[in-house]
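Residue numbers (this note's numbering): 49 to 155.
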């Protein structure tokens, strides 16, 4: 499954760039398969790799369901790349979505 990458600068975050979290969070009841991940904030090496690869200070990864819901809700995000699930950061946090019970998933 592909993931769609959004990279935000700190200026964009300060200007409300994280509003999508609240809107998608309320949509979870309608679509529990939504997943948005971010690099684990405590893994500085992983954060640096994501920043070097995608730019921006904060990098998010949206699954197809989350991207589709953003479009449906009129949430305008700049998707800069598409990556396979195998390229997601090993240490990541669920920003929007229900935690998975898989032991392979690191939250």
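Note that the Cβ used here is the ideal one computed from N, Cα and C, for glycine as well.
Counted within 10 angstroms of its Cβ, other Cβ atoms place residue i as buried (16 or more) or exposed
| i | result |
| --- | --- |
| residue 53 | buried |
| residue 67 | exposed |
| residue 87 | buried |
| residue 65 | buried |
Coarse secondary structure for residue i, derived from DSSP in three states
| i | result |
| --- | --- |
| residue 79 | coil |
| residue 109 | strand |
| residue 56 | strand |
Contacting residues, own chain, Cβ-Cβ under 7 Å from residue i (five flanking each side not counted)
| i | result |
| --- | --- |
| residue 58 | 105 |
| residue 49 | 111, 112 and 133 |
Contact set for residue i: own chain, Cβ-Cβ below 6 Å, skip 5 residues either direction
| i | result |
| --- | --- |
| residue 103 | 55 |
| residue 98 | 87 and 107 |
Candidates the options: closest to residue i by CA position
| i | options | result |
| --- | --- | --- |
| residue 75 | 119, 92 and 89 | 119 |
Contacts around residue i, its chain only, beta-carbon distance under 8 Å, and the 5 residues preceding and following it disregarded
| i | result |
| --- | --- |
| residue 69 | 84, 143 and 144 |
C-alpha gap between residue i and residue j, whole angstroms
| i | j | result |
| --- | --- | --- |
| residue 140 | residue 92 | 12 Å |
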